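Undergrad: Residue numbers (my numbering), protein chains in the order written: chain F, -14 to 186; chain B, -14 to 186; chain X, -14 to 186; chain W, -14 to 186.
Protein chains: 4
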Amino acid sequence: MSIEAPRAKQPKRERGKQRVAALLDAGAALFAEKGYEAATMTEIAQRAGASIGSLYQFFPSKDALAEALFNRYVERMGLVLDGIAGRAAGLRPAQLADLLVDLMLDMRADRDVAMTLLNSVAAVVESRKPPRYMVRSHVAAVLRAAKPGMSDEQSLASATVVTQFIKTVPVLAEAEEHGGQGFVQEARRMLTLYLERILDT
Amino acid sequence: MSIEAPRAKQPKRERGKQRVAALLDAGAALFAEKGYEAATMTEIAQRAGASIGSLYQFFPSKDALAEALFNRYVERMGLVLDGIAGRAAGLRPAQLADLLVDLMLDMRADRDVAMTLLNSVAAVVESRKPPRYMVRSHVAAVLRAAKPGMSDEQSLASATVVTQFIKTVPVLAEAEEHGGQGFVQEARRMLTLYLERILDT
Amino acid sequence: MSIEAPRAKQPKRERGKQRVAALLDAGAALFAEKGYEAATMTEIAQRAGASIGSLYQFFPSKDALAEALFNRYVERMGLVLDGIAGRAAGLRPAQLADLLVDLMLDMRADRDVAMTLLNSVAAVVESRKPPRYMVRSHVAAVLRAAKPGMSDEQSLASATVVTQFIKTVPVLAEAEEHGGQGFVQEARRMLTLYLERILDT
Amino acid sequence: MSIEAPRAKQPKRERGKQRVAALLDAGAALFAEKGYEAATMTEIAQRAGASIGSLYQFFPSKDALAEALFNRYVERMGLVLDGIAGRAAGLRPAQLADLLVDLMLDMRADRDVAMTLLNSVAAVVESRKPPRYMVRSHVAAVLRAAKPGMSDEQSLASATVVTQFIKTVPVLAEAEEHGGQGFVQEARRMLTLYLERILDT
DNA sequence: AATGAATGAGTCTTCATTCAT
DNA sequence: TATGAATGAAGACTCATTCAT
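(1) Which value, in whole angstroms, describes the spacing of the CA atoms of X:M49 and F:D137?
(2) Does the region 161 to 168 of chain W come into contact with the region 123 to 143 of chain W, if we say contact requires no fewer than three beta-carbon pairs (one atom in each stretch) closer than 8 Å?
(3) If you measure from the beta carbon of W:R182 to each beta carbon in chain X, is any gap under 9 Å?
(4) Around the C-beta of B:I183, are 16 or more other C-beta atoms found within 10 angstroms, so that it is buried, or is it exposed?
(5) Does the distance from the C-beta atom of F:V169 to that of F:V86 stay below 9 Å?
(6) Give the residues of chain B in contact with F:S143, contact being defined as C-beta atoms less than 7 Å apart.
(7) Residues in the same chain with beta-carbon distance under 7 Å from X:L178, minus the five sequence neighbours each way, listed in chain order, please.
(8) Can you list, in chain order, the residues of its chain with a C-beta nearer than 8 Å to that of W:V110? Leave out the 5 residues immediately preceding and following it.
(9) Looking at X:A125 and X:A74, is the spacing between their C-beta atoms short of 9 Å?
(10) Spatial neighbours of B:L88 within its chain, please: CB distance less than 6 Å, with the 5 preceding and 5 following residues excluded, ordered by chain position.
(11) Cβ of X:V59 within 9 Å of Cβ of X:M100?
(12) For X:Y58, would you say it is in contact with chain W, using Cβ-to-Cβ distances shorter than 9 Å as the test?
(13) In angstroms with no decimal places, state the Cα-to-Cα distance between X:S39 and X:G12.
(14) Which stretch, first to last residue, makes up the alpha helix (DSSP H) that contains F:F168?
(15) Please report the Cβ distance between X:V98 and X:L54, rounded to the nearest whole angstrom; I am assuming they are in contact, meaning their Cβ atoms lie under 8 Å.
(16) Could you work out which residue in B:A33, B:G1, B:T25 is closest to B:D10 when comparing CA atoms only?
(17) Does any CB atom of chain F fall closer than 9 Å to the CB of B:T101?
(18) My understanding is that B:F150 touches F:T153, with C-beta atoms under 8 Å, so please give their C-beta distance in whole angstroms.
(19) When the Cα atoms are used, what is the spatial distance from F:G71 to X:K47?
(20) Does DSSP put F:R61 in a helix, a strand or coil?
(21) Please compile the residues from chain X whose C-beta is within a distance smaller than 7 Å of the C-beta of W:Y179.
(22) What are the complete alpha helix (DSSP H) segments, minimum 4 residues, inside the region 125 to 153 of chain X?
(23) Helix, strand or coil, according to DSSP, for B:K47 in the structure here?
(24) How many angstroms separate the CA atom of F:G63 from the CA atom of B:T27?
(25) Which residues bound the alpha helix (DSSP H) around F:A33?
(26) Let me confirm a value: W:R129 is counted as buried when at least 16 other C-beta atoms fall within 10 Å, else exposed. Which label applies?
(27) Does any CB atom of chain W fall closer than 9 Å to the CB of X:V5?
(28) In the DSSP assignment, find the alpha helix (DSSP H) that holds W:M92 and state where it starts and stops.
(29) The alpha helix (DSSP H) spanning B:E111 covers which residue range?
(30) Quick one: Cα of X:A17 to Cα of X:A94, how far?
(31) What separation, rounded to the nearest whole angstrom, lies between the Cα atoms of X:I29 and X:L8?
(32) Please name the residue, chosen from F:L141, F:S36, F:L157, that lies closest to B:L157 on a Cα-to-Cα basis.
(33) Shortest alpha-carbon distance to W:D185 belongs to which of W:A14, W:A79, W:S112?
(34) Closer than 8 Å, Cβ to Cβ, to anything on chain F: give me those residues from the region 151 to 162 of chain B, in chain order.
(35) Please look up how many angstroms separate the CB atoms of X:A231 and X:V106, rounded, as I've assumed it's under 8 Å.
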């Protein structure tokens, strides 16, 4: 139906892998700083210490770069959440809440870029259609690991709300940096309250 | 030399207000559809039935238009939240939670634009520095109205978390449209849980 | 089926008409000098004394400019050929041959551009599909005016060959400039021979 | 220091010739399909099953490739025309006309590329300056072979016109493919008429 | 005040050519 | 000699903004 958008090209040599990583990092930094549209391909290449031609060798379009960046974020989140799922069985709700909140604090930078891209890049949105909600399904797995008997329906609804909720943590952390106090702590409290209700009942 | 009859200007001002409103609406629609960068001033003017020159008469730059739009959103939110504050005294947590969630569902369209602008427009970000968190302070007022004895510190921290939380409601509503069930309901539950804790204790 | 390519925009003011003409002339000159690909839009605008933005105001793409140029050529040829058709009735073959050869000598510059475009620009080729052979049908009209009884089939076949033949006249004229002699004269002779055969029999 | 065994190089040279031929064929195909500018060196190399580096080993620039291709066309035309000259003595005008028309039909593909290059590549045009009209001089030889007494001046003028005329044959053939009839036949007739005049008188 | 043509800096992207491996 | 990653100049096109009418 639709014309297949060219994806990122895989590097074959070791040098290429390093370059791709540098390019992705530069893209992440600039997209986060200026937003998708305002960041220019030329500046991204420069920051990665590469030429514009080199950037296009691996990412044939700005959209392709954005998509690769988004995929990297989803993969990283999945990895960490799987780790949490592995340990979730023995944890109390407060501990699980802490783990999830801390995860978002750690991934703050990645998350910013991912949100920017999800809001600006048609290609990224399209590649997620029908919405697959990768992160959410990993969170659902965590919840089921924490309470083995939970129904699919319940774990899905809870995971949706929890996923959205923890996304706000970076904003709270930023608000603290602007002079607030105890915002993240209050979020831990709210999340704990909710997890106690759905896990302990 | 002669005193202008103020009456004569009245219709002009009236038309001006209508035109400004039309321009803001057109801007809101296009920013929501395409994002800030992709929306063009020419198209915004067209959709408002005005010429590009007319648009620049009222908003001297694209950033100025964005800022005006953001301010309109903040004002509207403030107005509604003040209304809720007026009624908050006699409500139970679950009722208050419903009011806040419903508010976000009603303002969904406005909210989308506001977020888009907050993510893309330096001028909007700058105009909020140091962050004044207008919406948050109205939410804090609601909480204090619901529990008159609450400390400023507590109401601030809670309002911050609640404000961020209710911002996720439009996303949950959208997820339901893509085939989920009970997401918004689950959010009401989580918010109720939290409000019970901070209001009833 | 296919996405409608945006065509040239009609100027509304007098100044605009002059500008469009200047732009077309500049385009014709540069396409003829360097070929379609090698000619740049920037240089075309410059030669017309306009800005690149102004060029794009009237011709939304390079293809659109090419197409407009080609259409102008077809129109001009049609006009002149219709004039010849009006006088063809009383002419002897040699006189008609002269008229046709002279026409090509006069239109030499236009013809060069038209051929260049027909060979390089997909949009021009497409806009002629299914081939309508505008010039050929005008030549056929000339032949039928010269010999009223001629069948449609005969006039079409003869017009096709004659049209292609007279297209070679500019090349012959150029060859004379590089030191040859009597080439165009020889073409008149060959064409006369053919016209005598199809008109006098 | 030591004398290289020539035998060892032989296979390399042989492979080299094959590779050059493959590269020329790939270039011809792509220039014909897309035009000179739109065809890329990378794609030409790919289609020939060679690397871009290899292509530049044999043809140091895109222009050099174009020139080589054009020369190959001229050589091939010369070869065939010499063959016709060898048989021209005993032929009647109609037979000679057929031979020349058929030649163009056979060489249609080659001819397309040659014309494309002649219209787009400065280097090819330059390499023909002062115009040497290789093909024309072979045609002149054919005419002199058909009528031994013909003056140089006459054979030159006639060869010029005939050469240009037969170049139109591929276009006529194409027009037939788009639904016309008898165009090539009409060209044979016109050429026969002319050859009868210059050869039989 | 209103209009919309004109401007040109800035963007993404391509591709001939080079050169390290 | 062969390969293909790297380079960067150059081109088509966009759009915020200005200003003559």
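Yeah, the Cβ is synthetic: ideal placement off N, Cα and C, and Gly gets one too.
Computed from a prediction, not measured in an experiment: that's the story for all the values here.
TA: Straight from the coordinates:
(1) Contrary to the premise, residue 49 of chain X reads as Ala rather than Met in this sequence. Spanning the two alpha carbons is a distance of roughly 57 Å.
(2) no
(3) At least one chain X Cβ lies under 9 Å of W:R182.
(4) The C-beta of B:I183 has 16 or more other C-beta atoms within 10 Å across all chains shown, which makes the residue buried.
(5) yes
(6) Within chain B, the residues near F:S143 are E171.
(7) none
(8) L103
(9) no
(10) Contacts found: V65.
(11) Against a cut-off of 9 Å, the Cβ pair of X:M100 and X:V59 comes out as no contact.
(12) no
(13) 14 Å
(14) 168 to 185
(15) 6 Å
(16) Of the listed residues, the one whose Cα sits closest to B:D10 is B:A33.
(17) Yes - at least one Cβ of chain F is within 9 Å of the one on B:T101.
(18) 6 Å
(19) Spanning the two alpha carbons is a distance of roughly 60 Å.
(20) helix
(21) M175, L178
(22) 137 to 152
(23) Helix, per DSSP.
(24) Rounded to the nearest angstrom, the two C-alpha atoms are 43 Å apart.
(25) Neither: F:A33 is in no alpha helix (DSSP H) and is coded neither H nor E.
(26) buried
(27) no
(28) Careful: W:M92 lies outside any alpha helix (DSSP H) and carries neither H nor E.
(29) 107 to 112
(30) 8 Å
(31) 7 Å
(32) F:L141
(33) W:A79
(34) K152, T153, V156, L157, A160
(35) Limits of chain X in this structure are -14 at one end and 186 at the other, which puts residue 231 of chain X out of reach.
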